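One structure is given here, and the rest of the page talks about it.
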Ligand code: ADP
Ligand code: MG
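Numbering (the working numbering), first residue to last: 987 to 1325.
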């Protein structure tokens, strides 16, 4: 295994706008990277170039010292030792779980004891050792997906590529599968790249998140880092909940404390810096700037509240006590982040 290095990668399908531009990323060995961005931003194209289904127009892809592709040459997918998992996990219905998992080995001409050991290890990793002789039809949806994961693991790939594998699942199965993916990553030790447009999925799963927009990489960082210190409006708007206020702050620091924010909120002037305010940093109470409750969503342990400030800007907050739409409240902002 080795790190995967994308250097100034570009892909132009000749449509007048490049699908991917100057995309540089270093995925460490054994890492779990989420590639996050809105639909159409180029995530699948990046993944397909890594897998070898698409040739880059610019730049290069290396796995360790080994050149996988550049604009002049491209190693075919079967020579890259990678596995790609798609949204639909097609299993052969007439084959047992063990035969489904062992299929990639059979294609490679691996049989006998080596075959049996690898299948057993792969099924162990996804905790399906007892299901080897069953048919896919006898398994739950979550178990079928684990079979598909075992099948992609059986050839010991250096890199596992997953393209929105949970996009069509209901919330319950999604949570179960997030758990499975985390465990799969820990037990397999494989380097994983996980494409998603769902930021909460990226936060829950990955050790690193790469945010992309319109073919470009905007920021790559650990989930906690990208949540606390997003770079720019697009990342700030994509990661976590919050509101972006335009406030006349004078401080040059990027992390802003409540006293300066409080003064800024009272100023009528809305020219200034873009400040990201997280709902957990907004306190609804009896003091602070006046605001009106616009809408309230009951989340069980708290209320998620949308507020309209006196200056016409919107804010999000959490409240433990019930508030109702139309209610006049006051708010204090404890902290903000300059984008
Ligand atoms: P995502 O996976 O983030 O939704 P894609 O990588 O699928 O985005 O697509 C990025 C852009 O490239 C889109 O504008 C898409 O229409 C375009 N695109 C993708 N594949 C092709 C192709 N084979 N030919 C032409 N345009 C393509
Ligand atoms: Mg896609």
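The C-beta atom is built at its ideal place from N, Cα and C for all residues, glycine as well.
Bear in mind that the values here come from a model prediction, so they are computed numbers and not experimental data.
Residue from the options whose Cα sits closest to the Cα of residue i
i            : options                : result
residue 1249 : 1235, 1135, 1261       : 1235
residue 1162 : 1190, 1314, 1179       : 1190
residue 1206 : 1002, 1005, 1003, 1014 : 1014
residue 1090 : 1067, 1037, 1079       : 1067
residue 1042 : 1011, 994, 1077, 1050  : 994
residue 1124 : 1284, 1106, 1078       : 1078
residue 1237 : 1228, 1227, 1261       : 1261
residue 1276 : 1314, 1268, 1106, 1145 : 1314
residue 1106 : 1141, 1080, 1127, 1146 : 1141
residue 1010 : 1211, 1164, 1046, 1233 : 1046
residue 1299 : 1280, 1060, 1290       : 1280
residue 1008 : 1227, 1301, 1211, 1201 : 1201
residue 1231 : 1301, 990, 1006, 1316  : 1301
residue 1295 : 1103, 1268, 1288       : 1268
residue 1215 : 997, 1292, 1322, 1054  : 1322
residue 1160 : 1306, 1127, 1144       : 1127
residue 1244 : 1263, 1227, 1257, 1226 : 1263
residue 1088 : 1060, 1119, 1306       : 1119
residue 1053 : 991, 1185, 1085        : 991
residue 1006 : 1212, 1030, 1058, 1069 : 1030
residue 1059 : 1076, 1102, 1258, 1035 : 1035
Cβ-heavy atom distance, residue i to the ligand MG, below 6 Å
i            : result
residue 1041 : no
residue 1103 : no
residue 1029 : yes
Straight-line Cα distance separating residue j from residue i
i            : j            : result
residue 1082 : residue 1137 : 12 Å
residue 1018 : residue 999  : 29 Å
residue 1324 : residue 1217 : 9 Å
residue 1320 : residue 1149 : 38 Å
residue 1270 : residue 1318 : 7 Å
residue 1133 : residue 1112 : 8 Å
residue 1039 : residue 1064 : 10 Å
residue 1182 : residue 1026 : 11 Å
residue 1151 : residue 1071 : 7 Å
residue 1048 : residue 1187 : 27 Å
residue 1278 : residue 1002 : 46 Å
residue 1175 : residue 1286 : 37 Å
residue 1241 : residue 1253 : 19 Å
residue 1308 : residue 1265 : 16 Å
residue 1167 : residue 1192 : 10 Å
residue 1169 : residue 1109 : 13 Å
residue 1172 : residue 1117 : 22 Å
residue 1273 : residue 1164 : 41 Å
residue 1204 : residue 1229 : 19 Å
residue 1135 : residue 996  : 29 Å
residue 1055 : residue 1016 : 21 Å
residue 1303 : residue 1316 : 12 Å
residue 1311 : residue 1289 : 12 Å
residue 1044 : residue 1062 : 17 Å
residue 1247 : residue 1180 : 37 Å
residue 1096 : residue 1085 : 13 Å
residue 1004 : residue 1093 : 36 Å
residue 1024 : residue 1098 : 46 Å
residue 1282 : residue 1239 : 33 Å
residue 1154 : residue 1184 : 12 Å
residue 1305 : residue 1012 : 41 Å
residue 1297 : residue 1284 : 26 Å
Rounded distance between the beta-carbons of residue j and residue i, thought under 8 Å
i            : j            : result
residue 1195 : residue 1020 : 5 Å
residue 1224 : residue 1022 : 7 Å
residue 1146 : residue 1198 : The Cβ separation is near 19 Å, so there is no contact.
residue 1129 : residue 1114 : 7 Å
residue 1143 : residue 1069 : 4 Å
residue 1226 : residue 1213 : 5 Å
residue 988  : residue 1050 : 3 Å
residue 1258 : residue 1293 : Not a contact, Cβ separation roughly 19 Å.
Residue i beta carbon near the ligand ADP (any heavy atom closer than 6 Å)
i            : result
residue 1170 : no
residue 1025 : yes
residue 1111 : no
residue 1005 : yes
residue 1009 : no
residue 1232 : no
residue 999  : yes
Near the ligand FAD: residue i beta-carbon under 6 Å from a heavy atom
i            : result
residue 1068 : For the ligand FAD, the structure offers nothing, since it holds only the ligand ADP and the ligand MG.
Segments of 3+ residues assigned as beta strand (DSSP E) that fall wholly inside the stretch 1143-1228:
1145-1149, 1177-1182, 1194-1199, 1202-1207
Give, in chain order, every unbroken run of the alpha helix (DSSP H) that is at least 4 residues long and sits entirely within the stretch 1247-1302.
none
Going residue by residue through the stretch 1082-1119, where are the continuous alpha helix (DSSP H) segments of at least 4 residues, counting only ones entirely within it?
1083-1093, 1098-1111
Could you name each continuous alpha helix (DSSP H) segment of 4 residues or more that falls completely within the stretch 995-1060, going from the start of the chain to the end?
1029-1037
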